[in-house]
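Working notes, structure below.
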Amino acid sequence: MPNITYITAEGTERAIDVPVGTSVMRGAVLNDVPGIVAQCGGNAQCATCHVYVDEATLDKPEPPRPDEDDMLGFTAAPRREGSRLSCRLQVTEDLDGLVVRLPERQY
Ligand code: FES
Numbered sequence: 004m005p006n007i008t009y010i011t012a013e014g015t016e017r018a019i020d021v022p023v024g025t026s027v028m029r030g031a032v033l034n035d036v037p038g039i040v041a042q043c044g045g046n047a048q049c050a051t052c053h054v055y056v057d058e059a060t061l062d063k064p065e066p067p068r069p070d071e072d073d074m075l076g077f078t079a080a081p082r083r084e085g086s087r088l089s090c091r092l093q094v095t096e097d098l099d100g101l102v103v104r105l106p107e108r109q110y
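Start counting the sequence shown at 4; every next residue gets the next number (this note's numbering).
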């Protein structure tokens, strides 16, 4: 099962095995990782599941599709290189070792 590391804005780190076929957002919510709100439930309509993919693992996920790219214009914390909607990061074996940092705020 792919292992994903979540790092909160305060620097707390958790490495979680997340099943293939779910999303990086679900992996956080189901394991009580603080800092992801996911108000729309994973429909790419709220931008409150914003994460920053760590520089060292930027090449792991596929690039954002246009709908995700548009919504990334509405994040509460600044958009940076590595900004993604975690509900749009579908977990595959290729994401093993992914590191995501949570922004200071989601709204
Ligand atoms: Fe709403 Fe990801 S959960 S955009």
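For glycine and all other residues, C-beta sits at the position ideal for the given N, C-alpha and C.
Everything numeric in this text was worked out from a predicted model, so none of it was measured.
Review point. In chain order, what residues place their C-beta within less than 5 Å of a heavy atom belonging to the ligand GTP?
Key: With respect to the ligand GTP, the structure offers nothing, as its ligand set consists of the ligand FES.
Point to revise | Enclosing beta strand (DSSP E) for Val102 [first to last residue] | key: By one-based count along the sequence shown, residue 102 stands at place 99. First-last of the beta strand (DSSP E) with Val102: 102-104.
Check your understanding: Taking three-plus beta-carbon pairs below 8 Å as touching, is the segment 12-21 in contact with the segment 39-47?
Key -> no
Check your understanding: Is DSSP giving Arg29 helix, strand or coil here?
Key -> Here residue 29 refers to the residue found at position 26 of the sequence shown. Helix, per DSSP.
Exercise for review: Taking only the alpha-carbon atoms, compute the straight-line gap between Pro64 and Pro5 and give it to the nearest angstrom.
Suggested key: The residue labelled residue 64 in the question sits at position 61 within the sequence shown. The residue labelled residue 5 in the question sits at position 2 within the sequence shown. Distance between the alpha carbons of Pro64 and Pro5 is about 13 Å.
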